Structure formats: C-alpha cells, structure tokens
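Taken in order, these protein sequences are the chains called A and B.
Mapping to the working numbering: the first sequence position 3 is 3, numbers consecutive.
Offset between the second sequence (1-based) and the working numbering: plus 1000.
Working notes, structure below.
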Amino acid sequence: MSELSTAAAVFISIGVAFDLIGGLGLIRLPDIYNRLQAATKCVTLGTCFILIGVLIQFGFTSIGVKAILCLAFILMTSPTAAHAISKGSHDFGIKLWEGSVVDKLAEDKSKE
Amino acid sequence: MMKKMLFHFLMLFGVWLLFTWTLEIPDVIAGVIVSLILAVLLNSIFDGEVTSLLNPVKLFWAIIYIPVFFYHMMVANLDVAYRVLNPGLPIKPGIVKVKTKLKSDLGKTTLANSITLTPGTLTVDIKGEYLYIHWINVLSDNVEEATKEIVDKFEKYIVRFYG
C-alpha cells in the first residue's frame, strides 16, 4: 500500500470529526428523536467523507469503486432506517422530550 | 413490462460489474445469471417508477438535484454540529406536519429521505399527502409555514423528475 496522500488524509480527518460529533450528539441530546438527528446526519456525512477519502487514495480501482457503491447505499439506507426507528418509537408510545414544543402526530393520532 | 424487467436487469448487472470490477468471462457470466434471476423473481416487487429516469430531461434534473442536496446536507451537518457542541444545547424540538404536492411513492420516498438527511429535520411518518417531521428547532407549527421552510427547497426539484 502506498502512503496516505494529503487530500485523502484531510477528507478522512473531516469524516472522523463528523462521526465524533455524531457520537457526542448521541450522548448529549435528550430523547430518541433528537438523538436520531445526530446519529443519522453527522454519521452519514462523516462516513461519506471517509469513503471519499478512500476513493481519493485508491482512485478508480476495485477498492475505490466499492467506496462509491457504499456511499450510494449508505445515503439510501441510513435515512430509511432512521425513519423506521422513529416511526416505531412513536407508535410504541415513547414520549418526546419534555422541552418539546409541539407534537402534531400525537394530536392527529388522538383524533382518529 | 419487458422494459421494466430489462431496466432492472441492467441496473443489477451494472452493480455486479462495479462490485466485482473485473471483466473475466466466468465472472461476467455469473453476473448475467444472478441479475437475470433477480430481475425476474423480483419483478412483481419493483413498481418500475424508476424507469421514468430513462427520459433525458428527467435524468438531467435528477443529476442537478445531487449537488443541491449535498449543499443542503453540508449546511444541515454544520447546524447540528453547532447545536451539539454548544454548551447551552440550543434545541427546541417538536413534531410538525407538512404537506407535499408529490404524487408518486418514489417521489415521496426521495423527499422523505432528503428531509431526514438535512437541517435538523427527521421524517417520522407519512400519511397520504402529509409528512410528520421531527424538527430540532421548531420555527413554526403552522402547516403552510413549516411546508415552506422544510419541503419547498427540495420539492421544486423532485417534482421535475419523479412528479
């Protein structure tokens, strides 16, 4: 394996930083819905940056192309999973954080 | 019908070629067989809406959408990062209801996934033409205003390729 190029190192560092912020958000934010915000957004982007770094390092070889495919699949599956978890939690009756200002979904559910 | 199957076959075969990244005959033949079996077996599951991208104008707008989406995603991440790192934890969360003009399932899915990946918003549920969005910093719980704030910037592009 060749040495890590500067551009690849920069991209991978940014990615790791975003993943770290996502992890921090998972601990700091109050309820499951807010935590999903941090877990989906920051971690998706962080992982995208790491994969772009891998692509820059290896170019369009067998490894680089797999990085592109992983990128596409992560962008499709990560929001879908977040949606499934949040819908499941809400249907199961997990309450929003007490500081939340509005819950239209619960209002509409109670009307039915 | 055949067009739909052919489209899925080519898509699956393309992904196979990218994954294996080789043009040796045995690999390619295995790819053709696997893609063909999957395209035939899963034909009833795929609704074929994605074939609308075969139209060049629609494909053009779908490609334009990618950088737009990435721009919003970067902004979203910096916004969430700021909220997480700020010691005061400046959040004002809630679930709001927004309305979409999109009719097709694929269009709604694209919109919901785009919303989930962008500024402090997470799609919790879809019922008919309404989407329920968890918003980390609620600016308005009014349906029209929330729609303007969250949906419009994506919808005007998505409507051009998935209707």
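In this text, a Cβ means the ideal position worked out from N, Cα and C, and glycines have one as well.
Predicted model, so just to flag it, every value in this text is computed and none were measured.
Interface residues of chain A facing residue i [CB-CB closer than 7 Å]
{"i": "L1089/B", "result": "R28"}
{"i": "N1077/B", "result": "F18, K41, C42 and L45"}
{"i": "W1165/B", "result": "Nothing can be reported for residue 1165/B: it is not among the residues displayed for chain B, which extend from 1001 to 1163."}
{"i": "T1116/B", "result": "T40, P79, A82 and H83"}
{"i": "M1073/B", "result": "L45"}
{"i": "G1120/B", "result": "Q37"}
Residues sharing a beta bridge with residue i, DSSP
{"i": "L1122/B", "result": "H1134/B"}
{"i": "K1127/B", "result": "Y1130/B"}
Limits of the unbroken beta strand (DSSP E) element including residue i
{"i": "G1094/B", "result": "G1094 to K1099"}
Residue j beta carbon less than 9 Å from that of residue i
{"i": "A7/A", "j": "G53/A", "result": "yes"}
{"i": "T1116/B", "j": "P79/A", "result": "yes"}
{"i": "K41/A", "j": "N1077/B", "result": "yes"}
{"i": "L1017/B", "j": "A82/A", "result": "no"}
{"i": "I1150/B", "j": "V1080/B", "result": "no"}
{"i": "V16/A", "j": "I50/A", "result": "yes"}
{"i": "F18/A", "j": "L55/A", "result": "no"}
{"i": "A38/A", "j": "V1084/B", "result": "yes"}
{"i": "N1113/B", "j": "L36/A", "result": "no"}
{"i": "F1161/B", "j": "K1004/B", "result": "no"}
{"i": "G22/A", "j": "N34/A", "result": "no"}
{"i": "Y1157/B", "j": "W1061/B", "result": "yes"}
{"i": "E1093/B", "j": "N1137/B", "result": "The sequence given here has Pro at residue 1093/B, not Glu. Going by C-beta atoms, P1093/B is nearer than 9 Å to N1137/B."}
{"i": "S1044/B", "j": "V1096/B", "result": "no"}
{"i": "K1101/B", "j": "V1159/B", "result": "yes"}
{"i": "E1144/B", "j": "L1111/B", "result": "no"}
{"i": "T1109/B", "j": "H1072/B", "result": "no"}
{"i": "I32/A", "j": "S89/A", "result": "yes"}
{"i": "L1012/B", "j": "L1054/B", "result": "no"}
{"i": "L20/A", "j": "F1019/B", "result": "no"}
Boundaries (first-last residue) of the alpha helix (DSSP H) holding residue i
{"i": "E1155/B", "result": "D1152 to F1161"}
{"i": "G13/A", "result": "Looking at the sequence itself, residue 13/A is Ser, so the reference to Gly does not match. Start and end: T6 to R28."}
{"i": "P1026/B", "result": "I1025 to L1041"}
{"i": "I74/A", "result": "S62 to F92"}
{"i": "S1114/B", "result": "D1105 to T1116"}
{"i": "N1077/B", "result": "P1056 to L1085"}
{"i": "W1016/B", "result": "M1002 to T1020"}
{"i": "K41/A", "result": "I32 to F58"}
Contact set between residue i and chain B, taken where Cβ atoms lie within less than 7 Å
{"i": "K87/A", "result": "V1124 and D1125"}
{"i": "A38/A", "result": "V1080 and V1084"}
{"i": "A8/A", "result": "The contacting residues do not exist; A8/A stays about 19 Å from chain B at best."}
{"i": "G25/A", "result": "V1080 and V1084"}
Partners in chain B for residue i, counting only beta-carbon separations shorter than 8 Å
{"i": "S5/A", "result": "By Cβ distance, chain B contributes nothing, its closest Cβ being about 21 Å from S5/A, past 8 Å."}
{"i": "L55/A", "result": "Near L55/A there are no residues of chain B at all, since even the closest Cβ is about 13 Å away, more than 8 Å."}
{"i": "I14/A", "result": "The contacting residues do not exist; I14/A stays about 10 Å from chain B at best."}
Residues that residue i contacts on chain A, provided the C-beta gap is smaller than 9 Å
{"i": "N1142/B", "result": "Chain A residues near N1142/B: none, gap ~10 Å exceeds 9 Å."}
{"i": "L1018/B", "result": "V65, K66, I68 and L69"}
{"i": "A1062/B", "result": "Residues of chain A passing the Cβ test: none, with the nearest at roughly 13 Å."}
{"i": "A1112/B", "result": "P79, T80 and H83"}
Partners in chain A for residue i, counting only beta-carbon separations shorter than 8 Å
{"i": "G1107/B", "result": "Neighbours of G1107/B on chain A: none; closest Cβ ~15 Å, over 8 Å."}
{"i": "L1010/B", "result": "Per Cβ cutoff of 8 Å: no residues; L1010/B is ~16 Å from chain A at best."}
{"i": "V1015/B", "result": "L69"}
Partners in chain B for residue i, counting only beta-carbon separations shorter than 9 Å
{"i": "I21/A", "result": "N1077, V1080, A1081, V1084 and L1085"}
{"i": "L96/A", "result": "P1093, G1094, I1095 and H1134"}
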